[in-house]
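Using my numbering, you'd call the opening residue of the sequence shown number 3 and step up by one each time.
Ideal Cβ placement from N, Cα and C applies to all residues, glycine included.
None of these values were measured; they are calculated from a predicted model.
Heads up: the structure comes next, in structure tokens.
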Amino acid sequence: MTIDRTDTRSPDAPCRRPVFLPTGRLFLHAAKWPGPATVPPALVLHGIFESWRTFAPLAAELANDRTVYCLDLRGHGASDRPAEGYRFADYAADILGVLDGLSARFPEVDLVGHSLGANVALYAAAAGHPALGRVVVVDPPILRDEDWPGLRAAMRHEWSLARRPLDEIVASLAGARARDESWLRMIAAALTDTADGVFEAMADGEQEPVDWATVLKPISVPVLAVAPDPGESGGQLVGARLADFRAALPGAKVVVVPGAGHHVELDRPVELRRLVERFLRR
């Protein structure tokens, strides 16, 4: 059963309302943009330490053609936050549970994931579900074995940062790329609202290194991978990682977006929207 509550305090309440989607084990919060029911809805999955708000602008655009759910992954935002269970496979099991519920109303549902959400979408696609349609992954971190020590160190730093005052977090997040302060504050607030288990899984080893060739092999649904410009900082699906992805999933369509870093939705929003709309169009 989906719990659907309209947020009358929000200025865009007629277009967006909060819902809580059961997974069979817990509830995930989502912002829902109702759209035409004649095409499959889209589930949008954010990156680590973020929330549904990151992709709200894209969701609002996509809702011109379909219903869109921007989820908070477990341990993030307003979703349930168990003490453990923050591996890619755990997040993906939640998504498969959401698909179980939505498939009673929609014969097919598409996934759009960014960063952590992209990896979760790939894991869900590999597990398979009768209602899963098309999958868009935006800059998935297809990490190699040698990447993990540095990643774990970075996660410990982010964990420490997340428990500091908001202004300190904002100052720390302001990097080489120019970012609007309101966006930085949104990301900083999401970071502070992330459960300890999310950090612990990545920093202390609950999430182990991934054999991507084995994980991706079972995927049979159409996949679009949106990759960043290798000349920009912060991109994940570049160089050897991109080569690994292409080798493991040769049937996927890969598009590199010039001028985009890791946050393609922020650096090149129009290009990303067009790519997603075209790929999801039946």
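Should residue i be labelled buried (16 or more other beta-carbon atoms within 10 Å of its own) or exposed?
i      : result
ARG276 : exposed
GLU160 : buried
LEU282 : buried
ARG243 : buried
ARG280 : exposed
THR10  : The predicted position of THR10 is uncertain, since its pLDDT is 31 and thus under 50; a value taken from the coordinates is nonetheless stated next. By the 10 Å Cβ count, THR10 comes out exposed.
ARG165 : exposed
ALA44  : buried
THR56  : buried
GLU267 : buried
SER12  : Only weak support exists for where SER12 lies, its pLDDT of 41 falling under 50; the coordinates are left without a value.
ARG18  : buried
VAL257 : exposed
ASP169 : exposed
ASP182 : exposed
ALA61  : buried
ARG284 : exposed
GLY130 : exposed
Since residue i contacts residue j with CB under 8 angstroms, what's their CB separation in whole angstroms?
i      : j      : result
ALA336 : ASP74  : This structure leaves residue 336 out entirely; the chain is present only between 3 and 284.
VAL172 : VAL228 : So it is not a contact: roughly 27 angstroms between Cβ atoms.
CYS72  : ALA33  : 5 angstroms
ASP141 : HIS116 : 7 angstroms
VAL259 : PRO230 : 6 angstroms
PRO271 : PRO59  : 7 angstroms
PHE108 : PRO42  : 6 angstroms
LEU23  : GLY103 : 6 angstroms
TRP214 : ALA250 : 5 angstroms
PRO2   : SER105 : The structure shown does not extend to residue 2, since the chain is modelled only from 3 through 284, so no value can be given for it.
To the nearest angstrom, report how far apart residue i and residue j are at their CA atoms.
i      : j      : result
ALA208 : TYR88  : As written in the sequence, residue 208 is Glu, which differs from the Ala given in the question. Computed Cα separation, rounded: 7 angstroms.
ILE221 : ASP112 : 14 angstroms
ALA205 : GLY199 : 10 angstroms
GLY49  : ASP67  : 24 angstroms
ASP246 : VAL212 : 12 angstroms
ALA192 : HIS78  : 7 angstroms
VAL46  : TRP54  : 8 angstroms
LEU145 : LEU134 : 25 angstroms
GLY26  : GLY233 : 43 angstroms
THR69  : HIS264 : 26 angstroms
ARG248 : ALA254 : 7 angstroms
LEU118 : GLN238 : 11 angstroms
ARG236 : ASP269 : Contrary to the premise, residue 236 reads as Gly rather than Arg in this sequence. Their backbone Cα atoms lie some 12 angstroms apart in a straight line.
LYS219 : LEU124 : 10 angstroms
ALA190 : ARG154 : 20 angstroms
GLY152 : THR40  : 45 angstroms
ASP82  : GLU63  : 27 angstroms
ALA85  : VAL21  : 23 angstroms
GLY177 : LEU186 : 10 angstroms
LEU274 : GLU210 : 31 angstroms
LEU163 : ALA94  : 27 angstroms
ASP149 : ASP96  : 26 angstroms
ASP195 : VAL122 : 20 angstroms
LEU30  : ALA197 : 14 angstroms
MET188 : LEU175 : 11 angstroms
Residue i lies in the beta strand (DSSP E); which residues open and close that run?
i      : result
TYR71  : 70-73
LEU226 : 225-229
VAL259 : Unbroken run through VAL259: none, as it is neither H nor E.
Could you please give the first and the last residue of the uninterrupted alpha helix (DSSP H) stretch that includes residue i?
i      : result
ARG280 : 271-282
TRP214 : 214-218
ALA287 : Residue 287 is absent from the structure shown; the chain starts at 3 and stops at 284.
LEU244 : 241-250
Would you say residue i lies against chain D (beta-carbon separation less than 8 angstroms)?
i      : result
SER174 : Within the model displayed, chain D is absent; a lone protein chain is all it includes.
Report the start-end ranges of each beta strand (DSSP E) in the segment 93-134 that is 3 residues or longer and not cut off at the edges. If we require 3 residues or more, the beta strand (DSSP E) runs fully inside the segment 93-134 come out as 111-116.
Alpha helix (DSSP H) runs contained entirely in the segment 141-203, provided each spans 4 or more residues: Here the runs fully enclosed are 150-164, 168-175, 183-194.
Jot down the residue ranges of each uninterrupted beta strand (DSSP E) in the segment 23-55, minimum 3 residues, whole runs only, in chain order. Within the segment 23-55, the beta strand (DSSP E) runs of at least 3 residues that lie entirely inside it are, in chain order, 29-35, 44-47.
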